[in-house]
Amino acid sequence: MNTDHQDDQFYLARKSENLRRRAGLISGIRHFFAQNNFLEIETPVRIPAPAPEEYIEAIPSDDWFLQTSPELCMKRLLAAGYPRIFQFSKCFRADERGGRHLPEFTMLEWYVAHFDYRQLMDQCEALLLAALQDTEHGKNIIWQDKTVHLAPPWQRITVADAFSQFAPIDLREALAQDKFDEILVEYIEPRLGINRPTFLCDYPAQLAALSKIKKTDPTVAERFELYIGGMELANGFSELTDTDEQRRRFEEASEARDAKHWAHYPMPEKFLTALKHLPPCAGIALGIDRLAMILAGTSCIDDVVAFPPEAL
Amino acid sequence: MYTASDLRKGLRLKIDNEPYIITEFNFVKPGKGQALYRTKLKNMINGNQFERTFRSVDTFDSADLREKKMQYLYKEGDKYCFMDNENYEQVYLTEEQVGDSVNFLLDNIEVEILLFEDRPIGISLPNFVELIVTEAEPWAKGDTAAGNTKPVKVQTGYTILVPTFVSEGEKIRIDTRTGEYLTRVKG
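As given, the protein sequences belong to chains A and B, one line each in that order. For the first sequence, my numbering begins at 1423 and goes up steadily by one. For the second sequence, my numbering begins at 114 and goes up steadily by one.
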């Protein structure tokens, strides 16, 4: 689309309040991490081998790829003895574009050695409360006509319970019929984080990704997602530290990717080697653009970045 | 044949031998799950709507629709009359079939009439139209904030929000899918 300078000014000026809120949010988050002895790090955006995941496709860059997440490099740092690290990073995912998706987006990712996913949920709660306390959303968030009360503790509900409460079929049936994602999107997500933020936790073991299987219940993984106002904001887990198991899951994902002719990634060997030295830990990725959407009161991710791809 | 990545608002598909248009479209992707395409579909003949979620592996038949250039003549009662300039045949569309296209319909302009099995069922507008602003308040002196908008009227009588710097007599480009202002057209 051709726009003249006055049009450009018009579109960008309309975003100034949102961009200011976004900047304030990011500085609030940095302040929290500084106070909690975290080290801010930067890892490369361009990498030779992304983690093979069945439904996340990287964008190629010469013979390498743009990262889909900084996870592998961050865990290598953790394995090398950095116990508390965080970073804001640009992540790239092919063909992801919608009201809540940009193919280039900003992720906040942090890791804590000797934490499990429950402790990380507590910390996530504390971080967001601290980052929001100086905004008009200190006590509650009003987003898309929903008032979400932030007073802790936030709701925690298992995936199995969420299916029995909100879905027409239970979790076991949904998995057997290969309808997990559809039901999650249609019946469950819109009902999460409505009165207060919700952590959806204990994902089925087959959806563990890079998370640890729960000792007391091997059918589920120690994985959670945070929802506010029906929107997914973060994904975290107790990290898998078993190299053989991780390699097996990567191989499985690679096979599924090969079957649909998606790009074949080299096995991230340096990461797998580092995993042998990874202490028990937990990590989480939080979408900054989406959090900014909530602060800005908008349902469209374009409103919280200066330039969505179509404006370039 | 379409694949899921072709899906978007306004796309026309054939489902159970009837033409459908996508009236709402959302790309969704839960956590580490698969890409899903939530749509609201409207039957282009009877107007019935339903919601459906598709996967990225799904494929679709395109609706066997034909478009024919015709000239818009006039409105008569609640019917809109168009003429086929090749054979001078006249066809009529109801208000419902014309829908929001009425906002961009000028007397005597050429439009694409949509035919399903040779029956006229609607208008197929281009994605962008250019119309002249016919009524606008002058740019108020104190109003210097670059992001502000004001309502103006265009040739068709349609009222639209535009940046305050747009003035009467200027031509603007409008996205017919959203009905929103895009940019000024110079010259």
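Idealized CB from N, CA, C, for every residue including glycine.
Could you tell me whether the Cβ of residue i comes closer than 8 Å to any Cβ of chain B?
i, result
"A:N1657", "yes"
"A:D1517", "yes"
"A:M1423", "In this prediction, A:M1423 scores a pLDDT of 49, lower than 50, which makes its location untrustworthy; no coordinate-derived value is stated."
"A:R1443", "no"
"A:D1567", "no"
"A:E1493", "no"
"A:I1723", "no"
"A:E1677", "no"
"A:I1673", "The residue asked about is misnamed: residue 1673 of chain A is Glu in this sequence, not Ile. Cβ-Cβ to chain B under 8 Å: no for A:E1673."
"A:Q1489", "no"
"A:Q1428", "yes"
"A:Y1687", "no"
"A:A1728", "no"
"A:Y1649", "no"
"A:A1631", "yes"
"A:F1432", "yes"
"A:I1478", "yes"
"A:E1654", "yes"
"A:E1475", "yes"
Is the shortest distance between the beta-carbon of residue i and the beta-carbons of chain A less than 8 Å?
i, result
"B:R297", "yes"
"B:A249", "no"
"B:L118", "The question names Leu, yet the displayed sequence has Ser at residue 118 of chain B. So, interface residue."
"B:K122", "no"
"B:G144", "yes"
"B:G260", "yes"
Find out if the Cβ-Cβ distance for the pair residue i, residue j is shorter than 8 Å.
i, j, result
"B:I236", "B:L206", "yes"
"B:M157", "B:Y133", "yes"
"A:A1480", "A:L1494", "no"
"A:T1663", "A:C1623", "no"
"B:F140", "A:R1519", "yes"
"A:H1523", "B:K142", "yes"
"A:W1565", "A:P1619", "no"
"B:Y150", "B:L186", "no"
"B:S214", "B:W252", "no"
"B:M196", "B:Q210", "no"
"A:G1651", "A:V1534", "no"
"B:D191", "B:E208", "yes"
"A:T1665", "A:K1698", "yes"
"B:L228", "B:L178", "yes"
Under 8 Å between C-beta atoms, does residue i make it to chain E?
i, result
"A:E1732", "The displayed structure is made up of protein chains A and B, and chain E is not among them."
_Near-chain A residues of the segment 146-159 of chain B - C-beta to any C-beta below 8 Å_ = G146, Q147, A148, L149 and R151
*Decide yes or no for the touch test of the segment 1431-1438 of chain A against the segment 1710-1717 of chain A: beta carbon pairs closer than 8 Å, at least 3 of them.*
no
*Is there contact here, the segment 1582-1591 of chain A with the segment 1487-1503 of chain A, by at least three beta-carbon pairs under 8 Å?*
no
*Output, in sequence order along the chain, the residues in the segment 274-292 of chain B whose CB is closer than 7 Å to any CB in chain A.*
P276 and F278
*Could you tell me whether the segment 262-271 of chain B touches the segment 226-246 of chain B, using the rule of 3 or more Cβ pairs below 8 Å?*
yes
*Interfacial residues, the segment 1511-1545 of chain A to chain B, with Cβ spacing under 7 Å*: D1517, E1518, R1519, G1520, G1521 and H1523
*Would you list, in chain order, the members of the segment 124-142 of chain B that have their beta-carbon closer than 7 Å to a beta-carbon of chain A?*
N139, F140, V141 and K142
*Anything in the segment 163-181 of chain B with a Cβ closer than 7 Å to a Cβ of chain A? List those residues in chain order, please.*
T166
_At 3 residues or longer, what runs of the beta strand (DSSP E) sit wholly inside the segment 1527-1579 of chain A?_
1562-1565 and 1568-1571
*Is it true that the segment 1539-1555 of chain A meets the segment 1666-1683 of chain A, where meeting means three or more beta-carbon pairs spaced less than 8 Å apart?*
no
_Runs of alpha helix (DSSP H) lying entirely within the segment 1599-1654 of chain A, each at least 4 residues, in chain order_ = 1602-1605
*Going along the chain, which residues of the segment 1576-1605 of chain A sit with their C-beta nearer than 8 Å to a C-beta in chain B?*
F1602, D1603 and E1604
*Does the segment 1716-1727 of chain A touch the segment 1436-1443 of chain A, meaning 3 or more C-beta pairs lie closer than 8 Å?*
yes
*Going along the segment 1610-1623 of chain A in order, which residues come within less than 8 Å of chain B, judged by CB to CB distance?*
E1611
_Extract the residue ranges of the alpha helix (DSSP H) inside the segment 1447-1520 of chain A, only unbroken runs of 4 or more that lie entirely within it._
1493-1501
*What residues in the segment 209-224 of chain B have a beta carbon less than 7 Å from any beta carbon of chain A?*
none
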